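Visitor:
Residue numbers (our numbering): 1337 to 1625.
1) Roughly how many angstroms separate the alpha carbons of residue 1446 and residue 1379, rounded to a whole number?
2) Looking at C-alpha atoms only, which residue of 1572, 1458, 1435 and 1456 is the closest neighbour of residue 1448?
3) Report the option in 1454, 1483, 1390 and 1472 whose CA atom is closest to the CA atom of residue 1535.
4) For residue 1444, which residues in the same chain have their Cβ closer than 7 Å to its Cβ, ignoring the five residues on either side in sequence?
5) Any idea what DSSP makes of residue 1412, helix, strand or coil?
6) Less than 8 Å between the beta carbons of residue 1399 and residue 1460, yes or no?
7) Going along the chain, which residues of its own chain have a beta-carbon closer than 6 Å to the beta-carbon of residue 1437, five neighbours each way excluded?
8) Within its chain, find whatever has a CB closer than 6 Å to the CB of residue 1433; leave out the 5 residues flanking it on each side and keep chain order.
9) Would residue 1481 be called buried (16 or more neighbouring beta carbons within 10 Å of its own) or exposed?
10) Using C-beta distances below 6 Å, list every residue in its chain close to residue 1496, excluding the 5 sequence neighbours before and after it, in chain order.
11) Hey, residue 1403 and residue 1485 are a contact pair by Cβ (cut 8 Å); roughly how many whole angstroms apart?
12) Work out the CA separation of residue 1410 and residue 1429 for me, nearest whole Å.
13) Take the Cβ of residue 1596 as the centre, count every other Cβ of all protein chains shown within 10 Å, and call the residue buried at 16 or more, exposed below.
14) Taking the straight line between their C-alpha atoms, what separation do you get for residue 1370 and residue 1458?
15) Start and end of the alpha helix (DSSP H) containing residue 1481?
16) Between which residues of its own chain and residue 1450 is the CB-CB distance below 7 Å, once the five residues before and five after are set aside?
17) For residue 1552, is the classification buried or exposed, using 16 other Cβ atoms within 10 angstroms of its Cβ as the cut-off for buried?
18) For residue 1441 and residue 1454, I'd like the C-alpha separation in whole angstroms.
19) Decide if residue 1598 is buried, meaning its Cβ has at least 16 other Cβ atoms within 10 Å, or exposed.
20) What residue from 1393, 1397 and 1515 has the CA that sits closest to residue 1386's CA?
21) With H, G and I counted as helix, E and B as strand and the rest as coil, what does DSSP make of residue 1402?
22) Rounding to the nearest angstrom, what Cα-Cα distance links residue 1476 and residue 1494 in this structure?
23) Among 1479, 1541, 1491 and 1532, whose alpha-carbon lies nearest the alpha-carbon of residue 1503?
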């Protein structure tokens, strides 16, 4: 999750590898997956986000899509968007799970996706630790007694995590707990926290003092990142990340009243889209043909 931010650090030292963009908006799907066995990617996506960048203006948007949002998945009817990653891998969809998530986003929201970056949470922890931690301004008390803590023999174990308000330096484990915790708030609040962590990683990565950490960070990315972008495209995307104007970065979360809760006949709790309200938001923030 969120390894997109590392690329901006790499580009600080490799700007000449970037050949330029064609001026169109770039939309990249960011997926975070909990790979319990460290090998298989066929798990439900825990984080679904789209980073949209205008290369010309430096404007950018982070769009968080609820993982429980029920959408029309090509070839599967309606289901939670996070299940598309599983369907894509298990059923041999061309390009695997992320490609099916891409197709789901494109067909439902009406804008194109240029590629994906998918990482697991273990890589996220190691990346933050390689940076020496990140500073996060915690806006409210978080107390979660059911934070996932799988262990040998008990894959459904939990532990308690707690955060007090205020500016805090977080290592990889704490940053991940802050980004993933949801039991004391909501999935929508969690999406906002994930965006906060993404921005904090970018800010820390761009500090001159972070440059000596590049080799370790590079190894983390090479070992833990899945993408359909070419190395050249990844590098170009990283340069765009460096050029972003923080004052022109907008964060959008699809939350009520844009979505609303619903319990399906099978008992599953999902979020349903209110397209009458979502469409104007997408038109405002994302490039649609």
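Using N, Cα and C, we set each Cβ at its ideal position, and we do this for glycine too.
The structure presented is a predicted model; accordingly, all values stated were derived computationally and were not measured.
Guide: Reading from the atomic positions:
1) In the chain shown, the residue the question calls residue 1446 occupies position 110. In the chain shown, the residue the question calls residue 1379 occupies position 43. Using only the alpha carbons, I get a separation of about 25 Å.
2) Position 112 of the chain shown, counted from the start, is the residue given in the question as residue 1448. The shortest C-alpha separation from residue 1448 is found at 1435.
3) Against the chain shown, residue 1535 aligns to sequence position 199. Closest by alpha carbon: 1472.
4) Walking along the chain shown from the start, residue 1444 turns up at place 108. Cβ within range, chain order: 1407 and 1408.
5) Taking the chain shown and counting its residues from 1, the one referred to as residue 1412 is at position 76. Note: residue 1412 maps to coil in three-state DSSP.
6) Here residue 1399 refers to the residue found at position 63 when the chain shown is read from its first residue. Here residue 1460 refers to the residue found at position 124 when the chain shown is read from its first residue. Their beta carbons are not under 8 Å apart, which means residue 1399 does not touch residue 1460 by this criterion.
7) As a position in the chain shown, residue 1437 is number 101, starting the count at 1. The answer, listed in chain order, is 1420 and 1421.
8) Here residue 1433 refers to the residue found at position 97 when the chain shown is read from its first residue. Here the set comprises 1421, 1424 and 1425.
9) The residue given as residue 1481 occupies position 145 in the chain shown. With fewer than 16 neighbouring CB atoms inside 10 Å of its own CB, residue 1481 falls in the exposed class.
10) Position 160 of the chain shown, counting from 1, holds the residue named residue 1496. So the list reads 1481, once near-sequence residues are dropped.
11) Start at 1 with the first residue of the chain shown, and residue 1403 comes out as number 67. Start at 1 with the first residue of the chain shown, and residue 1485 comes out as number 149. Contact flag wrong, Cβ pair sits at about 20 Å.
12) The residue labelled residue 1429 in the question sits at position 93 within the chain shown. The residue labelled residue 1410 in the question sits at position 74 within the chain shown. If you take the alpha carbons of residue 1429 and residue 1410, they lie about 10 Å apart.
13) Position 260 of the chain shown, counting from 1, holds the residue named residue 1596. With fewer than 16 other CB atoms across the displayed protein chains lying within 10 angstroms of its CB, residue 1596 is exposed.
14) Walking along the chain shown from the start, residue 1370 turns up at place 34. Walking along the chain shown from the start, residue 1458 turns up at place 122. Looking at the two C-alpha atoms, the distance is approximately 8 Å.
15) Within the chain shown, residue 1481 is the residue found at index 145, counting from 1. Careful: residue 1481 lies outside any alpha helix (DSSP H), inside the beta strand (DSSP E) at 1478-1484.
16) Along the chain shown, read from residue 1 onward, the residue named residue 1450 stands at position 114. Only 1362, 1363 and 1364 meet the Cβ criterion.
17) Walking along the chain shown from the start, residue 1552 turns up at place 216. Counting Cβ neighbours within 10 Å, residue 1552 comes out exposed, since fewer than 16 surround it.
18) In the chain shown, counting from the first residue as 1, residue 1441 sits at position 105. In the chain shown, counting from the first residue as 1, residue 1454 sits at position 118. About 15 Å.
19) In the chain shown, counting from the first residue as 1, residue 1598 sits at position 262. By the 10 Å Cβ count, residue 1598 comes out exposed.
20) Working through the chain shown from its first residue, we reach residue 1386 at position 50. For the set 1393, 1397 and 1515, the Cα lying nearest the Cα of residue 1386 is the one of 1397.
21) For this step, residue 1402 is matched to residue 66 along the chain shown. It is coil, neither helix nor strand.
22) Against the chain shown, residue 1476 aligns to sequence position 140. Against the chain shown, residue 1494 aligns to sequence position 158. Cα-Cα distance, rounded: 22 Å.
23) In the chain shown, residue 1503 corresponds to position 167, counting from 1. Nearest C-alpha to residue 1503: 1532.
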